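Numbering (the UniProt record's numbering), first residue to last: 1 to 593.
What follows is a single structure, written as structure tokens, with notes after it.
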């Protein structure tokens, strides 16, 4: 072998590990491309409200996950959808990972699944071959991807086209939802929002339950796709009361296949090339102090923003762990407040409707229904208020425990030792986060002052207490609880505030104690207003409007006195009985010439 051959051999031996690393890298390490489609504005069927919104949050999640290309298309017609799939197939040819997310209408005919563009008419069953796109055609667009192919279909909604579609052949089957599929290519997954033969729900918010659950987990670094869709399934079933079960078709190998790579430095990989699986899992389960510090900062920032979008975004970034549980408690508090406001508004509308029917003299049946609706609305409002207070209490207690647990190590490290010298910190304060208490642990009972303040607040709400809720159970508080007992027919001990009394007062949705207004005031609904008298009237001591007496001029008084002092005129003589004609008529009168 000459010198030239020896140099070439050295080059080959040097490049061999690099080539092996390139061809053996995990699925998430290469180029990743995604196509996101949301079809909402259907021209020949009722429009869908959520697909466009769902496509938007999936697009944001994949971009945040570091995808190299994320194409988003909305309300595609047939010709646009065909061009989009063709162009994406060209991009998938150079990619390691290719993902297609579709939200919109889909249908199944004779065991084949079809995605429906917004301009489809589908007057007869055979039109689906010309106006829709089979799932096989969609799979062709991602087939060139080298390592992982993923299709996510949030298209199992109830199909409006199948109801009016003419059947050209009576035996041709059109089923609910989509049909089961078995991908022919290895390392290919097809995820359905609802398993074969069932339909998916659009939900009551701006995103479908499936899309909302998907974005919580799919962008988690290092999380295997099978676990991602397992978590999505659990969340959707919980959100829909087990009416919708997502399903995944296809298989992967034994290695973890995350869509987003785990955050692992080259230094850690070089140090521990042969770590045992148990030790590796333990290290992955416990985040580094730096990462914990970042999570805490992000949580505190989301807490300062204080709205659902900020907290949801935090949970998407950090779906597991202590701070995720804290964020979920804060979300529960916000949800409880929104439900309380909605229940209060519904009760107010029910009260107005009942008052309107009473004023209009409605029939007894209408009045009875209005009373029943009002009672249900008031009970719902009371339940929402109780749930809100519970959620607020749990979130506040968890936050107090968090702050106490994070500040205690710093205070301990700052305390002087027995020799008078400050103790040396053994670890960063952030390392104590793993030992924080469970935020969902049972909440301890409130203190007597907190309980008294809660009872006073409820007594004010039902009109039995006019003072402030100070937390001190004084004579005014005892009188107000006694007034509640008299008005509500209860027999609670007034010497102290009790949890039983608090629960009973919360069940009262409206005023219980009568409204007592002071002097010069009158009752107007649920408040006291000042009594206003008309012109010429004044408010007397009995809180009644009395007419003012007008003083007369001196000349008028003099004339009145003269009339009173003048002698009475003699009475006119009555006609004698002889001059009266018979029958009581006028007497006859004779005039002489």
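All residues carry an ideal CB built from backbone N, CA and C; glycine is no exception.
Being a predicted model, the structure only gives us computed values, none of them experimental.
- Fewer than three Cβ pairs drawn from the stretch 232-249 and the stretch 69-81 lie within less than 8 angstroms of each other, which leaves the two stretches out of contact.
- No Cβ-Cβ contact shorter than 8 angstroms links residue 122 with residue 155.
- For residue 186, the closest C-alpha among the options 206, 97, 167 is that of 97.
- In terms of Cα proximity to residue 36, the closest of 141, 109, 47 is 141.
- A check of alpha carbon separations from residue 350 across 365, 333, 375, 362 identifies 375 as the nearest.
- The distance from the Cβ of residue 50 to that of residue 202 is about 5 angstroms, consistent with a contact at the 8 angstroms cut-off.
- A residue is called buried when at least 16 other Cβ atoms come within 10 angstroms of its Cβ; residue 388 meets this threshold and is buried.
- In the DSSP assignment, residue 209 forms no beta bridge with any residue.
- Ranked by Cα distance from residue 485, the options 189, 514, 473 are led by 514.
- For residue 113, no alpha helix (DSSP H) encloses it; the enclosing beta strand (DSSP E) starts and ends at 112-115.
- Here the alpha carbon of residue 226 sits roughly 14 angstroms from the alpha carbon of residue 149.
- For the options 133, 323, 125, the alpha carbon positioned closest to that of residue 118 is the one of 133.
- Around the beta carbon of residue 47, a 10 Å sphere encloses fewer than 16 other beta carbons of the protein chains shown; the residue is thus reported as exposed.
- For residue 547, the enclosing beta strand (DSSP E) starts and ends at 545-547.
- Here residue 32 is near residue 68, since their CB atoms are less than 8 angstroms apart.
- The Cβ-Cβ distance between residue 512 and residue 535 does not fall below 8 angstroms.
- Of the candidates 322, 546, 302, 391, the residue whose Cα lies closest to the Cα of residue 337 is 391.
- The C-beta distance from residue 180 to residue 249 rounds to 7 angstroms, short enough to fall under 8 angstroms.
- One Cα belongs to residue 343, the other to residue 384, and the distance between them is close to 7 angstroms.
- Counting only residues of its own chain and dropping the five nearest sequence neighbours on each side, residue 510 has a CB closer than 7 angstroms to the CB of 378.
- Where residue 119 is concerned, there is no enclosing beta strand (DSSP E), because DSSP gives it neither an H nor an E.
- Secondary structure at residue 230: helix, using DSSP grouped into helix, strand and coil.
- Short of 6 angstroms from the beta carbon of residue 310, and not among the five residues preceding or following it, lie these beta carbons of its own chain, in chain order: 302.
- Looking only at 353, 193, 261, the smallest Cα-Cα distance to residue 240 is reached by 193.
- Residue state for residue 136 is assigned as helix, using DSSP reduced to three classes.
- Residue 104 is not a Cβ neighbour of residue 114, given a cutoff of 8 angstroms.
- At a Cβ-Cβ threshold of 8 angstroms, residue 316 and residue 215 count as neighbours.
- Scanning 477, 507, 369, 55 for the CA closest to the CA of residue 494 turns up 477.
- Proximity to residue 109 across 501, 373, 362, 197 peaks at 197, based on C-alpha coordinates.
- According to the DSSP assignment, residue 322 belongs to no beta strand (DSSP E) but to the alpha helix (DSSP H) extending over 322-359.
- For residue 72, the three-state secondary structure derived from DSSP is strand.
- With a 10 Å radius around the Cβ and a threshold of 16 neighbouring Cβ atoms, residue 168 comes out exposed.
- DSSP, reduced to helix, strand and coil, places residue 32 within a strand of the structure shown.
- Straight across, the Cα-Cα distance linking residue 357 with residue 195 is about 49 angstroms.
- Distances from the CA of residue 207 to each of 345, 58, 320 were compared; the closest alpha carbon is that of 58.
- According to the DSSP assignment, residue 539 belongs to the beta strand (DSSP E) that extends over 537-539.
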